[in-house]
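**Student:** Just so we're aligned, residue 31 is where the sequence shown starts under the numbering used here, counting upward by one.
Would you mind keeping the following structure in view while I ask a few things?
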Amino acid sequence: MGKLSTHVLDTSCGKPAIGMQLSLYRQSPDGNWQLIVQAVTNQDGRVDRALLEGEALQTGRYCLRFEAGQYFERLKKRLDPSDHSSTESRLDKAEPGSSGATLPAPFNES
Numbered sequence: 031m032g033k034l035s036t037h038v039l040d041t042s043c044g045k046p047a048i049g050m051q052l053s054l055y056r057q058s059p060d061g062n063w064q065l066i067v068q069a070v071t072n073q074d075g076r077v078d079r080a081l082l083e084g085e086a087l088q089t090g091r092y093c094l095r096f097e098a099g100q101y102f103e104r105l106k107k108r109l110d111p112s113d114h115s116s117t118e119s120r121l122d123k124a125e126p127g128s129s130g131a132t133l134p135a136p137f138n139e140s
């Protein structure tokens, strides 16, 4: 049985991104994006259950949206002003066993 999961690492500290909100969307045949599931990362930067698995995981276009802005704001870390409050990872074909990862980092002044 195939599944789609994710693992989020905070590259500003080299640790899992704990408590980051994320949403998974699937593109419908008419081109619109439909929300499938929302989740929050755990102590390991992963979600507790697969975002999709089994028959629910169909080949298609998916978009994982990570709410990085909220995450870094909660940690009081400054974001690069050009960054958006969310980060997206697009999967053109989610095959069984696919995993989407992101490595967010805030802007650090030197």
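We put the beta carbon where it would ideally sit given N, CA and C, even for glycine.
Please list, in chain order, all residues of the same chain as leucine 81 whose beta carbon is under 7 Å from its beta carbon, the five residues on each side excluded.
**Tutor:** Leu34, Ser35, Thr36, Leu54, Val67 and Ala69, listed in sequence order.
**Student:** In whole angstroms, what is the alpha-carbon distance linking alanine 98 and glycine 61?
**Tutor:** Answer to the nearest angstrom: the Cα atoms are 25 Å apart.
**Student:** What would DSSP say about alanine 80, mapped onto helix, strand or coil?
**Tutor:** Alanine 80: coil per DSSP, three-state reduction.
**Student:** Would you mind sorting leucine 65 into buried or exposed? The rule is 16 or more other CB atoms within 10 Å of its CB.
**Tutor:** Answer is exposed; the Cβ neighbour count stays below 16.
**Student:** Do you know how far the Cα of glycine 32 is from the Cα of glycine 44?
**Tutor:** Rounded to the nearest angstrom, the two C-alpha atoms are 29 Å apart.
**Student:** With 16 as the cutoff for other CB atoms within 10 Å, does glycine 75 come out buried or exposed?
**Tutor:** Buried, by the Cβ-count rule.
**Student:** Identify, in the order they occur along the chain, each residue of the same chain with its Cβ nearer than 6 Å to the Cβ of arginine 120, setting aside the five sequence neighbours on each side.
**Tutor:** If we look at arginine 120 and ignore the five residues flanking it on each side, its Cβ neighbours are Cys93.
**Student:** Could you compute how far the alpha carbon of asparagine 138 sits from the alpha carbon of threonine 71?
**Tutor:** Model confidence at asparagine 138 stands at a pLDDT of 41, short of 50, so the residue's coordinates are unreliable and nothing is read from them.
**Student:** Beta-carbon within less than 8 Å of leucine 52's beta-carbon, same chain only, minus the 5 sequence neighbours each way: which residues are those?
**Tutor:** Taken in chain order, the residues that qualify are Thr36, Val38, Gln68, Ala69, Val70, Thr71, Val77, Leu94, Arg95, Phe96 and Glu97.
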